[in-house]
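J.:
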Amino acid sequence: ETGVTQTPRHLVMGMTNKKSLKCEQHLGHNAMYWYKQSAKKPLELMFVYNFKEQTENNSVPSRFSPECPNSSHLFLHLHTLQPEDSALYLCASSQDGRESNEQFFGPGTRLTVL
Amino acid sequence: AQSVTQLDSQVPVFEEAPVELRCNYSSSVSVYLFWYVQYPNQGLQLLLKYLSGSTLVKGINGFEAEFNKSQTSFHLRKPSVHISDTAEYFCAVSENKAAGNKLTFGGGTRVLVKP
């Protein structure tokens with residue numbers, strides 16, 4: 023595997039379900055990000071992890087719970103979601119401290135909440 | 024705080040015609056600028072970036088962008104588009120600092136290339 027991978031690519035869940043999204047980066051980066059991409063809205067940064075420590079939480083509801091066990095893996099645990107949480111969830115990674123902080127994106131998980 | 028405005032949400036264009044996608048930003052410090060492309064059902068892919076030096080930046084797939092500091096703009100251009108350029112394009116900015124940089128994205132411009 024190369025770059026940034028995300029699983030699953032598609033997920034349909036009910037409002038009472040609990041599921042997790044997984045992201046893995048194979049680039050040796052030390053920072054990872056979760057973004058939410060909804061139709062007709064700008065890309066929203068949700069969480070940032072630097073060296074496994076959460077450094078940013080952009081007022082994300084507690085029904086989204088991130089986990090970063092090491093610098094290569096990032097999870098987003100989901101529970102009691104709402105239909106408006108349906109979106110494309112993108113993971114990205116970068117090498118913090120490197121000039122420009124270019125971010126590399128995964129293909130995303132398309133989430134549908136029924 | 025920084026912000027990015029993409030003035031056009033959709034741009035229809037005929038194949039082999041030129042296209043320009045507009046991007047304006049605001050920031051109180053010097054910045055790095057990026058253009059990303061998102062093809063259907065895929066993540067974002069970097070097209071090009073401006074860090075410093077020449078204000079005309081060339082990227083992949085024949086795209087280029089020009090940084091204009093006085094107008095705080097970073098417009099993207101391609102002289103002749105292909106059907107395969109149909110995608111959504113995002114302009115992004117990050118502050119020029121040693122660490123802890125964050126990307127701020129514009130709302131995106133959807134390009135539809137017609138035969």
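Protein sequence lines correspond, in order, to chains A and B.
For the first sequence, the positions run 23 to 136 when this note's numbering is used.
For the second sequence, the positions run 24 to 138 when this note's numbering is used.
Using N, Cα and C, we set each Cβ at its ideal position, and we do this for glycine too.
Source: prediction; values computed, not measured.
Would Leu-30 (chain B) count as contacting chain D if we go by Cβ distances under 7 Å?
T.: The structure shown contains no chain D; its protein chains are A and B.
J.: Helix, strand or coil for Ser-107 (chain B) per DSSP?
T.: Position 84 of the second sequence, counting from 1, holds the residue named residue 107 (chain B). Helix.
J.: Near Gln-126 (chain B), which residues of its chain fall below 8 Å by C-beta distance, leaving aside the five closest residues on each side in sequence?
T.: Residue 126 (chain B) sits at position 103 when you count from the first residue of the second sequence. Per the sequence shown, the amino acid found at residue 126 (chain B) is Leu instead of Gln. So the qualifying residues of the chain are Phe-57, Ala-115, Val-116, Ser-117.
J.: My understanding is that Ser-60 (chain A) touches His-99 (chain A), with C-beta atoms under 8 Å, so please give their C-beta distance in whole angstroms.
T.: For the purposes of this step, residue 60 (chain A) is taken as the residue at position 38 of the first sequence. For the purposes of this step, residue 99 (chain A) is taken as the residue at position 77 of the first sequence. No, Ser-60 (chain A) and His-99 (chain A) are not in contact; Cβ-Cβ is about 20 Å, not under 8 Å.
J.: Taking the C-alpha atoms as reference points, what is the distance between Ala-53 (chain A) and Asp-118 (chain A)?
T.: The residue labelled residue 53 (chain A) in the question sits at position 31 within the first sequence. The residue labelled residue 118 (chain A) in the question sits at position 96 within the first sequence. Rounded to the nearest angstrom, the two C-alpha atoms are 6 Å apart.
J.: Any idea which residues DSSP pairs Ala-53 (chain A) with across the strands?
T.: Translated into positions along the first sequence, residue 53 (chain A) becomes position 31. For Ala-53 (chain A), which the question treats as bridged, DSSP gives the partners A:Asn-72, A:Ser-116.
J.: Judging by CA-CA distance, which residue of B:Gly-130, B:Tyr-48, B:Pro-138 is the nearest neighbour of Gln-61 (chain B)?
T.: To locate residue 61 (chain B), count along the second sequence from 1; it is residue 38. The shortest C-alpha separation from Gln-61 (chain B) is found at B:Gly-130.
J.: Can you give me the C-alpha to C-alpha distance between His-95 (chain A) and Leu-103 (chain A), rounded to a whole angstrom?
T.: In the first sequence, residue 95 (chain A) corresponds to position 73, counting from 1. In the first sequence, residue 103 (chain A) corresponds to position 81, counting from 1. Roughly 23 Å separates the two Cα atoms.
J.: Compare the C-beta of Gly-130 (chain B) against all C-beta atoms of chain A and say whether one is closer than 7 Å.
T.: Here residue 130 (chain B) refers to the residue found at position 107 when the second sequence is read from its first residue. Yes, Gly-130 (chain B) lies at the interface with chain A (some Cβ there is under 7 Å from its Cβ).
J.: For the beta strand (DSSP E) holding Lys-40 (chain A), just list the boundary residues, first then last.
T.: In the first sequence, the residue the question calls residue 40 (chain A) occupies position 18. Looking at the DSSP string, the run of the beta strand (DSSP E) that includes Lys-40 (chain A) is 40–47.
J.: Are the beta-carbon atoms of Gln-28 (chain A) and Pro-129 (chain A) separated by less than 7 Å?
T.: Residue mapping note: residue 28 (chain A) aligns to position 6 of the first sequence, counting from 1. Residue mapping note: residue 129 (chain A) aligns to position 107 of the first sequence, counting from 1. Yes, Cβ-Cβ distance for Gln-28 (chain A) and Pro-129 (chain A) is below 7 Å.
J.: Using beta-carbon positions only, say whether Ser-103 (chain B) and Glu-39 (chain B) come within less than 7 Å of one another.
T.: If you number the second sequence from 1, residue 103 (chain B) lands on position 80. If you number the second sequence from 1, residue 39 (chain B) lands on position 16. Yes; because the gap between Cβ atoms is below 7 Å, this pair is in contact.
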